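Chains R and A are the protein sequences, given in the same order.
If you count the first sequence from 1, you need to add 71 to reach our numbering.
If you count the second sequence from 1, you need to add 115 to reach our numbering.
Backbone N, C-alpha and C define an ideal beta-carbon position, used for all residues, glycine too.
In this text the structure is predicted, and so the values were computed from the model without any measurement.
Okay, so here's the structure we're looking at.
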Amino acid sequence: MSEEALFEYLHMEIVKTILQNGEILGETKDDCINKLEWIGFRVGQSVIERMTKDTPKFKDELETMKYICKEFWSSIFLKQIDNLRTNHQGVYVLQDHRFRFFTNISSGKQYSDSAPMYIGLTCGILRGALSNLGHNCDVTAEVVQMPSCKFQIEMKK
Amino acid sequence: MALCIAVIGKENEPLYFQSVSGQDELRLHHIVYTCLDVIEEKIAAMLASINALPTKQGIPPERRDPYLGLLYPTEDYKCFGYVTNSRMKFVLLIDGIRSKLADEDVRRMFRRIHAAYADMLANPFYTPGESISSKKFQNEILSLMTSSSGG
């Protein structure tokens with residue numbers, strides 16, 4: 072069971088290192104979040120290749136999103152996405168009520184400014200996974216009330 | 116026995132090509148690339164048949180198989196194809212006359228290629244989309260080709 076904690080600690084340290092290096096190099100917070108996103112992108116590509124090795128082909132975009140919300144999310148974050156909404160025109164909103172990386176941070180207003188740093192990597196993982204499945208998209212995240220967060224995925228044509 | 120194995124990327128760019136020595140490589144390249152047309156047809160047909168089903172019905176497993184089977188036989192070679200969920204295509208050319216490879220054997224070979232590819236993606240020094248130069252992948256493919264020549 073210590074494997075779960077390992078990923079969380081590693082993630083915290085990655086964010087901290089990128090932030091510290093960013094301060095030394097004079098980078099903005101956005102640059103740091105960008106770096107984290109690209110790290111996540113490469114991770115997402117590799118993870119999805121391994122995971123979909125044995126799964127049958129997806130029928131369409133919606134089925135791919137359902138797979139992401141169920142199997143993919145459970146294998147990384149140990150739970151499924153709680154809410155998936157779509158406008159059937161390429162925009163999907165995934166809502167996680169208890170985001171794994173926020174459960175260790177207090178849910179008050181105190182840390183809501185730093186919250187975006189902790190979702191950057193996950194946005195990248197989502198984008199990398201979808202891009203390897205053939206869907207180019209933009210992923211943005213929104214934190215209204217910790218520990219829940221929303222990911223908005225816009226498929227590019 | 117396996118004459119040639121090729122890995123082709125999402126945009127149909129060649130990523131890896133390995134053939135048994137002593138073969139006319141240019142001709143093998145040519146045959147592999149003509150297989151791409153057949154692969155595209157098969158994928159389109161598969162998608163069309165899946166979308167034609169009513170949505171509530173479960174999709175029978177053979178329609179969603181990554182293994183495409185025999186693409187087309189020429190007089191000397193048999194070509195087999197396999198498409199992964201990430202749109203990577205693997206093409207396998209087999210000596211049509213002397214080979215006794217069963218369908219199951221070809222499936223098994225493709226699964227090994229897919230596993231080797233997934234392992235290679237995990238290598239941080241490999242960027243997806245660039246041509247494959249990993250020694251480990253190459254050794255795995257070479258061992259596949261030599262082991263298949265026993266049968």
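- The beta-carbon of R/Leu-107 is placed no less than 8 Å from the nearest beta-carbon of chain A.
- Taking 8 Å as the cut-off, the beta carbon of A/Lys-157 is found no closer than this to the beta carbon of A/Leu-185.
- Taking a contact as a CB-CB distance under 8 Å, the pair R/Leu-192 and R/His-82 counts as one, their CB atoms being some 6 Å apart.
- Between R/Ser-117 and chain A, the shortest Cβ-Cβ separation is below 8 Å.
- Taken through DSSP and simplified to helix, strand or coil, R/Gln-91 comes out as helix.
- Residues of chain R whose Cβ lies closer than 9 Å to the Cβ of A/Asp-180 are, in chain order, Pro-127, Lys-128.
- Under the three-state reduction of DSSP output, R/Gln-216 falls in the coil class, being neither helix nor strand.
- Taken in chain order, the whole beta strand (DSSP E) runs of length 3 or more contained in the region 149 to 190 of chain R are 154 to 157, 162 to 167.
- If you compare the alpha carbons of R/Ser-202, R/Asn-207, R/Phe-173, R/Ile-224 with that of R/Glu-120, the shortest gap goes to R/Ser-202.
- Listed in chain order, the non-local C-beta contacts of A/Tyr-131 below 6 Å within the same chain comprise Val-122, Ile-247, local neighbours out to five positions each way being set aside.
- Note on geometry: alpha-carbon atoms of R/Phe-172 and R/Cys-220 lie some 11 Å from one another.
- Taking a contact to require three or more Cβ pairs closer than 8 Å, the region 200 to 212 of chain A and the region 158 to 172 of chain R do not qualify as touching.
- Taking the beta carbon of R/Thr-123 as reference, the chain A residues within 8 Å of it are Thr-199, Asn-200, Ser-201, listed in sequence order.
- With fewer than 16 other Cβ atoms from the protein chains shown falling within 10 Å of its own Cβ, R/Lys-227 counts as exposed.
- Residues of the region 239 to 251 of chain A with a C-beta less than 7 Å from any C-beta of chain R: Pro-243, listed in chain order.
- The continuous beta strand (DSSP E) containing A/Cys-194 extends over residues 192 to 198.
- Within a 10 Å sphere around the beta-carbon of A/Ile-120 sit 16 or more other beta-carbons, which makes this residue buried.
- Rounded to the nearest whole angstrom, the CA to CA distance from A/Ala-159 to R/Leu-107 is 37 Å.
- For R/Leu-204, the three-state secondary structure derived from DSSP is coil.
- Contacts with chain A (Cβ-Cβ distance below 9 Å) from the region 74 to 86 of chain R involve no residue at all.
- For R/Lys-106, the enclosing alpha helix (DSSP H) starts and ends at 100 to 122.
- At a C-beta separation below 7 Å, R/Glu-120 has these neighbours in chain A: Ser-201, Ala-233, Leu-236.
- By the neighbour-count definition (other C-beta atoms within 10 Å, threshold 16), A/Pro-243 is a buried residue.
- Secondary structure note for A/Ile-247: it is in no alpha helix (DSSP H), with a DSSP letter that is neither H nor E.
- Sequence-ordered contacts of the region 200 to 224 of chain R with chain A read Asn-203, Leu-204, Gly-205 [C-beta pairs closer than 8 Å].
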